[in-house]
Amino acid sequence: MKKYFSIILFLSIHHSLSLANDEVNSRIQLQQEVLLQYIEALSSDDMQGRKFATNSSSKTQDYLINALKSYNIQPFKNKYLHRFNHDNFFNNKQGANVIGFVPGNQYSDKYIVLTAHYDHLGVKGKHVYNGADDNASGVAALLTFGKLIKETPLKHNIILLFTDGEEINLLGARSFIRQNDAIKESIMLNINVDMIAGDNKTKRLHYIYGNFDKFTKTDLVQQLFKEIKTDDIKVKKGFKHFGRNSIQDRRTNWKMASDHGVFANHDIPYLYYGVGTHKNYHSVSDTYANVNKAFAVASSTLIFKHLLYLDNSISLN
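So this is what it looks like as structure tokens:
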């Protein structure tokens, strides 16, 4: 899988983020191993499916906080855990987002929010729903992004938002916006990663975006996908396709299918990456053994390169 990580960081319009090829290769090769280790650990039976408001959820929170601390990534607003309540007719439960923060080196009052939900379906009867693709893959990507960004900060402040309760009507993302109304207008972009590994037959990384008309360069996304390409995986705008799971994918409202939908509804530019549904989606088969590891490596590499490009290119009208 080393071929998926032969990255050469590129020259942007405003300034260079290039590094020597050998340095880039060594850094990324290390992250390849770490990325897969995170997916495996987060989707292990020991994590018991990471269900909202359970002991396994608390265990996952501790795991994420320890990972952020190991990279010296500071907590957001002086704390990693940002709790919220979920009230329904039957009982009251408490969830918690885990949030890290890496200051930018140019725009101290502007933010890019990277999101990945860590919750999944938990245990049903004797069966553990491990959620390796959904969404240990996205969480693993964000953790590795955090390490690289901490080593080489970007222009914008980066918020690493690991959301809870995504499987329950996007609770964590809604809570984040509600608790951070003061900086909402300063959020330049949300990049959401949810299911970026797929199964053994996955060939395409899909994406959707919105609210990019707020930027001075209205064709920014088109330029992004034109300039930052990969031969390792296919990339497709939208989720309409024919074949396996095509009916379910066509019926899904992808704008609101994951945490990016909350940002979209608040008029914040967003870019969402995912593989769509597949045979292991929301099943006991979504395990580390069944994820497409080469695809996870390639997709996370491409998304990180896109982040670097956008960090250098976005500006408001």
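Everything in the sequence shown is counted per full-length UniProt numbering, starting at 1 for the first residue and increasing by one. Quick reminder that beta carbons are idealized off the backbone N, C-alpha and C, glycines included. Note that the structure is a prediction, hence the values are computed from the model and not measured.
Using beta-carbon positions only, say whether residue i and residue j come within less than 9 Å of one another.
| i | j | result |
| --- | --- | --- |
| K237 | I208 | yes |
| F101 | F84 | no |
| V297 | I187 | no |
| N97 | F162 | yes |
| V284 | Y118 | no |
| Q31 | K147 | yes |
| G95 | D164 | yes |
| H86 | K93 | yes |
| L271 | L171 | no |
Measure the alpha-carbon distance for residue i versus residue j and round it to whole angstroms.
| i | j | result |
| --- | --- | --- |
| E23 | K126 | Note that E23 scores a pLDDT of 49, beneath 50, so its modelled location is shaky; the value from the coordinates is reported in the next line. Approximately 47 Å, taken between the alpha carbons. |
| W254 | K240 | 10 Å |
| A257 | N72 | 32 Å |
| L308 | S56 | 34 Å |
| residue 318 | T216 | What is shown of the chain runs 1 to 317, which leaves residue 318 out entirely. |
| H306 | T115 | 15 Å |
| S137 | A197 | 6 Å |
| D109 | N157 | 8 Å |
| F295 | L35 | 12 Å |
| P153 | K124 | 42 Å |
| E166 | D259 | 7 Å |
For residue i, report the span of its alpha helix (DSSP H) as first-last.
| i | result |
| --- | --- |
| V113 | No alpha helix (DSSP H) contains V113, which is instead part of the beta strand (DSSP E) from Y107 to H117. |
| I65 | N55 to S70 |
| Y309 | K293 to S313 |
| V221 | L220 to E227 |
Checking the sheet assignment: what are the DSSP bridge partners for residue i?
| i | result |
| --- | --- |
| V128 | V123 |
| I208 | Y272 |
| H82 | N97 |
With DSSP collapsed to three states, give me the class of residue i.
| i | result |
| --- | --- |
| D87 | strand |
| G172 | helix |
| F263 | helix |
| N135 | helix |
| I196 | coil |
| K255 | helix |
| I183 | helix |
| N190 | strand |
| F145 | helix |
| K51 | strand |
List the endpoints of the continuous beta strand (DSSP E) containing residue i.
| i | result |
| --- | --- |
| F162 | H156 to T163 |
| Y272 | Y270 to G274 |
| Q94 | N92 to V102 |
| V235 | K234 to K237 |
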